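First up is the structure itself, then whatever we jot down about it.
In full-length UniProt numbering, the protein residues as written are 1 to 463.
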């Protein structure tokens, strides 16, 4: 009589073993061990603000993870809040074709009190980030906060301290870091493919001529009052169009977030942060922990008539590794004069054995090149297209990768991401704060204070 099989299942494994038989031995019977398919870990998102960058991020959340070969995590938008009205939040949900079950709130306080929300995406202007992120952390919510993380390094430190105190996950939303292309470039550097890296040049120029142009570039945020981060091309980033522009004047009202001191406007915090990201992820992040050092900073900036920086250059000197990073940014000129990839690379990472180049848009990179000294002039070009979802109108912007990182960290109980640890976000904020200080740029106390106030107009929307 043949042996019958009996199955035992736990969430991860299915074991099929023979039923008890007097003559049973391991030699006579084989085990079959099959891994049962695990349901993907689902993260429930609450969205704080309804501007352009929030729209782009949410549309990415709504794509099918399988279209980017992700099967272990997925995302659900359960709530959206606007500081101005519940109607605006409801309109936003419809605009992104979000789930009918998503709740709309007319205040940030209601959002952070929603017990169904796992993590809050802070998509407000960076002038508001400290107060808004602290509101969420104080309420016990995990947080993904847009970059620039804050206005000052002191604010960034306070947020990290609160996340540690509350045992919460907290991450700066520098989406470029999580692109497979960025990961591969860091691996090439760490493996010594181009030798010792001594210099990184990053440029992010965006000639801000019209809001329509910014939308055309798919730079979410510049066109939106409620916030968005539309960087015109980091590292080597340029935007322009054939529209007349008065010398030294951008086509925005002085109250626009890009040029308003009240909203921490200016080139560096909004655009230059991308150029600095390439400097830090190639010269700082890849170093062993014991040898990481904050750079010495030398900066120069020209001021727009509103008092924010319009042209800024930052030199980051890392003495111990003999490396120098140069990050430049501007609101008046573009990296590529015609808005196409016709100019020099946006990013150049130069090592003792060769060079890696990234064409614009380096904030949303689509390819990189490797040029080796011993390669007889050969250029290896690697294209890295961003996957799209046919079921969502072929949408796919690239922000879903940072969301996937958040999901995996939450699943695994991690409070920070190794791709952009807390200490690195703080060092980057210190670098930008010092550069702005040297450039003579000062922001109002309301947005630079590191004292949390739940009733701050930055949290309530009150004038």
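By construction, the Cβ of each residue, glycine as well, lies at the ideal position given by its N, Cα and C atoms.
The model shown is predicted, which means the values in this text are computed figures rather than measured ones.
Identity of the residue in the options nearest residue i by Cα
i, options, result
"residue 132", "252, 279, 82, 353", "82"
"residue 322", "293, 307, 302", "293"
"residue 334", "271, 49, 388, 150", "271"
"residue 39", "156, 73, 174, 397", "73"
"residue 290", "302, 320, 279, 298", "320"
"residue 545", "282, 253, 136, 87", "Any answer about residue 545 is impossible in this case: the structure gives the chain only from 1 up to 463."
"residue 185", "88, 362, 330, 165", "362"
"residue 69", "388, 447, 452, 414", "388"
"residue 155", "266, 445, 91", "445"
"residue 199", "396, 85, 157, 316", "316"
"residue 187", "287, 250, 376, 110", "287"
"residue 326", "454, 164, 86, 435", "435"
"residue 181", "203, 274, 364, 392", "364"
"residue 449", "157, 71, 407, 100", "157"
"residue 407", "90, 80, 118, 78", "118"
N- and C-terminal bounds of the alpha helix (DSSP H) containing residue i
i, result
"residue 422", "422–438"
"residue 89", "86–95"
"residue 446", "445–448"
"residue 411", "400–412"
"residue 183", "180–190"
"residue 153", "153–166"
"residue 46", "Counting along the chain, residue 46 falls outside any alpha helix (DSSP H), though it belongs to the beta strand (DSSP E) covering 41–48."
"residue 109", "108–112"
Reduced DSSP secondary structure (H/G/I, E/B, other) of residue i
i, result
"residue 257", "coil"
"residue 305", "coil"
"residue 146", "strand"
"residue 284", "coil"
"residue 350", "strand"
"residue 197", "strand"
"residue 118", "coil"
"residue 372", "strand"
"residue 81", "strand"
"residue 290", "helix"
"residue 38", "coil"
"residue 202", "strand"
"residue 310", "strand"
"residue 131", "helix"
"residue 53", "helix"
"residue 395", "strand"
"residue 32", "Caution applies to residue 32, whose pLDDT of 44 falls short of 50 and renders its modelled position unreliable; the model cannot decide the point."
"residue 59", "helix"
"residue 452", "coil"
"residue 274", "helix"
"residue 333", "coil"
"residue 366", "coil"
Residue i: first and last residue of the uninterrupted beta strand (DSSP E) it sits in
i, result
"residue 324", "323–330"
"residue 461", "Premise fails: residue 461 is in no beta strand (DSSP E) and is neither H nor E."
"residue 170", "170–173"
"residue 380", "379–383"
"residue 104", "103–105"
Residue environment, residue i, which counts as buried when at least 16 other CB atoms sit within 10 Å
i, result
"residue 142", "buried"
"residue 425", "buried"
"residue 75", "buried"
"residue 51", "buried"
"residue 285", "buried"
"residue 378", "exposed"
"residue 441", "buried"
"residue 127", "buried"
"residue 146", "buried"
"residue 97", "exposed"
"residue 159", "buried"
"residue 360", "buried"
"residue 462", "exposed"
"residue 329", "buried"
"residue 71", "exposed"
"residue 223", "The pLDDT assigned to residue 223 is 43, lower than 50, so where the model puts this residue is not dependable, and the model offers no usable value."
Min CB distance residue i to chain D below 9 Å
i, result
"residue 420", "Looking at the structure shown, chain D is missing, and only one protein chain is on hand."
Contact between the segment 344–362 and the segment 186–194: three or more CB pairs below 8 Å?
Contact between the segment 344–362 and the segment 186–194 is present, because at least three Cβ pairs lie under 8 Å.
Notebook entry, point to check: Would you call the segment 420–437 and the segment 283–297 in contact, with 3 or more CB pairs under 8 Å?
Noted result: Contact between the segment 420–437 and the segment 283–297 is present, with at least three C-beta pairs closer than 8 Å.
For the 8 Å Cβ check, are there 3 or more pairs between the segment 391–408 and the segment 57–74? With a cut-off of 8 Å, the segment 57–74 and the segment 391–408 count as touching, because enough Cβ pairs lie within range.
- request: Please determine if the segment 303–321 and the segment 252–262 are in contact, where contact requires at least 3 C-beta pairs separated by less than 8 Å.
  value: Yes, since at least three Cβ pairs between the segment 303–321 and the segment 252–262 fall closer than 8 Å, the two stretches touch.
For the segment 147–166 against the segment 110–125, are there 3 or more C-beta pairs whose distance is under 8 Å?
Taking a cut-off of 8 Å for Cβ pairs, the segment 147–166 and the segment 110–125 do not touch, as fewer than three such pairs fall below it.
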